[in-house]
Amino acid sequence: MKLEKEKHDRREKKKSKRSSKDREKDSELNGKHKPSSKMKQSDRQSGVSSSAVKCEAGDGDTHEDVKVDPDERNDGQQKPGSPEINNNKEKTRSKSSKQRHNHKERTADVKLCDEDENLCESVKMKKKKRVKDEESPEKHDKNQPSGRKRKKTSSEHDKAEKNKKTKKDGDQKKKKEDKKDEESDKWKWWEEGKSSDTQKWSSLEHKGPYFPPEYEPLPDNICFYYDGQPMKLSPATEEIVTFYAKMLDHEYTSKEVFQNNFFSDWKEEMTKEERKLIKTLSKCDFSQIHKYFVEKSEERKNMTKEEKQVLKEEASRLMEEYGFCLLDGHREKIGNFKLEPPGLFRGRGEHPKMGKLKKRIQPEDVTINCGQDSKIPAPPAGHRWKRVQHDNTVTWLASWLENIHGRPKYIMLNPSSKLKGEKDWQKYETARRLKMKVDSIRKQYRRDWTSREMKSRQRGVAIYFIDKLALRAGNEKDDESADTVGCCSLRVEHITLHRRLDGQEHMVEFDFLGKDSIRYYNKVPVEKQVFKNLKLFIKHKDPEDDLFDRITTVKLNKTLNECMPGLTAKVFRTFNASTTLQDQLNKLTTEGMTVEEKILSYNRANRAVAILCNHQRAAPKTFEKSMQLLQEKIQKKKEQIEEAKKELKEAKKAHKDAPSDKSKKLLEKKEKAVQRLSEQLKKLQLQETDHEENKV
DNA sequence: AGTCTCACTTAGTAGGCAGGAT
DNA sequence: ATCCTGCCTACTAAGTGAGACT
């Protein structure tokens, strides 16, 4: 309730701010800058608490686009396949497009490492890890640690093993061939030169989206109970019940907002009779239905290999049929060819719409976009599309309006496609251009800090934050979503100024919820002038007033665009993330490092970027357990080393007492054993460090 | 200038799967 | 053969930002 009220107040304040802004001149810096809140003092709520909700913080992999280091650039645009970036090209070739995509998204990637061999090595490490199992089986065999394996290799077992291996061998060869085929088929669009900005394609043909299967009513023995009485529901009502029943062991079904939203949306879909009977959610008993679905999922888990195979084949058939389109004569993978199935909306954070019903999408809701001369996809039998259009200035194949926010959703291509790849490449080129310009831009925003105009000062400080802290732009949001902010939408309550903190001067303490309701908490020393300005910006303002009340993302981006065409706030994130990764890799890698050490450095560099961009993830549930296991392994290895050392000592003594070929061989063997074990221990310890550091 | 709409990118998470360990 | 684990992908929510409209 309080939160609602706060939001409402904020909304009102914002409205009046807009109008007051117009009236206020921008040049009252030295005198009385009258913040908009001044005139709204009357509707101020006393004792309004900060609405920043604390949430658990963890750290995770880097998602930010980290690919280019503009630092290393000295020429103009570079195509992904051009010889200058051979290393990367090589990397790309050795992976399937799937892997490539993933690598790009999940981990930081460096494109320009031709000038630094070390760097390339470390970037390739991840690849090595993955490619490892593609090595020839013979090699695998040779590398098998003898002991246990040799015991097994007797007679028939041996034969079976061999057969298995030849089969595996064959499979792998086939896989390799497939991959080769795939690679040679691959559309090397980057070799064709840049395509038009407005026209996205000339021809486009596809099968339309795949519709999720119709609802299957519950078996007769599974029942919904109301007030203790079994009740048969109409299929539509029952379907909605199953959405809720499936989530019963999730924490959010216990949240009031979730329950209320669910119940009111559910009621709307009920028949008149049902609505008359079902009055409160607390009297609804979904437990039998819940149990039914738990059992079903258990069954699915316990399916035989053959059954699973059937499902898999069905899935790949679907993928073949719906998963690709023909764009300018090339077969391109679609990113999300399956329409989103109905269910209950669960936003992130304290979302006011959590629990609302996400309705089933009908063909009548879907707009199809395809080539003029292409075969128009057939709608499901008995249905028709909302519309069929042939707009080649957009990249989507189908769209519909999602009913929770009324925003459009699209079916678009996979990141491996030309359309996405080219855009991605462009993004890094823009970041590269920023590298050339960043010094002058930094100079300019510093000048703005002392401008006569309040808006220039605010803009200067905002860009400084975006640049220094990699904050997001912070567009304005409607009130029907979680209360999250970015740079321009920061409120006074999100920062605390400390003249002195932790032994440093001019500290700003940030505490707010950013995208996805991820908490941003940071204490940073800022320049004295920034500190002064911030003090000025918050003067006479309420906690819930905008910190930067004279600027918007639109204005900010307009200024940035004047500094450099194509420059917007988000480019700084790409640029700074890339630069950070490159710097870290340079710092953390040296010649002669082992692969394990390089992996650790690589992960550390990635982590530095994750910290900069405030990328977080929930700590894996299995973390403690796997850590413990790793520690046990280390302990065991240490014991083995002790043992091996003892044996070595004995062997030494034996050799000294009675030197012979045999004793010499034994001694060498023992020496090698100690060495091998020590190396293994070192590897494990590195793994442990990496694992531990990756948690936070 | 503010607001709305649309298109497209970015990001966290769940769950499946392959491959190594036991 | 089975279990475990880490990697990867699919999914979809939630951002950014351009341009049209008011």
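The first sequence begins at 102 in my numbering and counts up by one.
Glycine included, each C-beta is placed from N, C-alpha and C at the ideal position.
As the structure is a prediction and not an experimental result, all values here were calculated from the model.
Based on Cα-Cα distance, which residue from the options lies nearest to residue i?
| i | options | result |
| --- | --- | --- |
| residue 634 | 560, 573, 305 | 560 |
| residue 379 | 539, 335, 404, 347 | 335 |
| residue 753 | 675, 744, 765, 743 | 765 |
| residue 441 | 417, 499, 563, 386 | 499 |
| residue 696 | 413, 360, 780 | 780 |
| residue 474 | 661, 774, 302 | 302 |
| residue 739 | 786, 759, 703 | 786 |
| residue 624 | 712, 691, 702 | 712 |
| residue 314 | 547, 416, 639 | 416 |
| residue 596 | 505, 640, 532, 342 | 640 |
| residue 638 | 663, 657, 593, 615 | 593 |
| residue 733 | 758, 698, 789, 683 | 789 |
| residue 581 | 505, 717, 368 | 505 |
| residue 496 | 466, 435, 542 | 435 |
| residue 774 | 750, 759, 755 | 750 |
| residue 717 | 757, 656, 619, 692 | 619 |
| residue 367 | 358, 512, 602, 457 | 457 |
| residue 342 | 358, 316, 357 | 316 |
Pull the bridge partners of residue i from the DSSP assignment, please.
| i | result |
| --- | --- |
| residue 597 | 610 |
| residue 312 | In the DSSP output, where bridge partners are listed per residue, residue 312 has none listed. |
| residue 433 | 426 |
| residue 666 | Note: residue 666 sits in no beta bridge, so no partner. |
| residue 565 | DSSP output for residue 565 lists no bridge partner at all. |
| residue 332 | 325 |
| residue 815 | One cannot answer for residue 815 here, as it falls past the ends of the chain, which runs 102 to 797. |
| residue 443 | DSSP lists no partner for residue 443. |
| residue 459 | 444 |
Whole angstroms is fine: what's the gap from residue i's alpha carbon to residue j's?
| i | j | result |
| --- | --- | --- |
| residue 762 | residue 783 | 32 angstroms |
| residue 266 | residue 588 | The pLDDT assigned to residue 266 is 40, lower than 50, so where the model puts this residue is not dependable; a value taken from the coordinates is nonetheless given after this. If I take the Cα positions, the gap works out to 58 angstroms. |
| residue 419 | residue 425 | 10 angstroms |
| residue 535 | residue 709 | 21 angstroms |
| residue 715 | residue 686 | 19 angstroms |
| residue 490 | residue 526 | 28 angstroms |
| residue 299 | residue 480 | 29 angstroms |
| residue 617 | residue 566 | 20 angstroms |
| residue 579 | residue 448 | 14 angstroms |
| residue 494 | residue 516 | 18 angstroms |
| residue 321 | residue 310 | 33 angstroms |
| residue 338 | residue 346 | 12 angstroms |
| residue 293 | residue 523 | 11 angstroms |
| residue 478 | residue 484 | 12 angstroms |
| residue 692 | residue 742 | 28 angstroms |
| residue 411 | residue 423 | 18 angstroms |
| residue 407 | residue 768 | 52 angstroms |
| residue 370 | residue 585 | 31 angstroms |
| residue 468 | residue 646 | 41 angstroms |
| residue 756 | residue 409 | 59 angstroms |
| residue 778 | residue 736 | 12 angstroms |
| residue 46 | residue 392 | Nothing in the structure corresponds to residue 46, since the chain is present only between 102 and 797. |
| residue 466 | residue 414 | 30 angstroms |
| residue 377 | residue 344 | 21 angstroms |
| residue 446 | residue 359 | 9 angstroms |
| residue 600 | residue 682 | 32 angstroms |
Do residue i and residue j have their C-beta atoms within less than 8 angstroms of each other?
| i | j | result |
| --- | --- | --- |
| residue 519 | residue 433 | yes |
| residue 325 | residue 390 | yes |
| residue 630 | residue 550 | yes |
| residue 591 | residue 609 | no |
| residue 454 | residue 443 | no |
| residue 689 | residue 679 | no |
| residue 571 | residue 451 | no |
| residue 621 | residue 613 | yes |
| residue 76 | residue 394 | What the structure shows of the chain is the stretch from 102 to 797, and residue 76 is not part of that stretch, so it cannot be assessed. |
| residue 669 | residue 661 | yes |
| residue 305 | residue 430 | no |
| residue 542 | residue 385 | no |
| residue 532 | residue 657 | no |
| residue 470 | residue 568 | no |
Okay, do the region 540-560 and the region 641-661 touch, 3+ Cβ pairs below 8 angstroms being the bar? Judged by Cβ distances under 8 angstroms, the region 540-560 makes contact with the region 641-661, as three or more pairs qualify.
Kindly confirm or deny that the region 399-413 and the region 338-355 touch, where touching means at least three C-beta pairs closer than 8 angstroms. Here the region 399-413 does not lie against the region 338-355, with fewer than 3 beta-carbon pairs under 8 angstroms apart.
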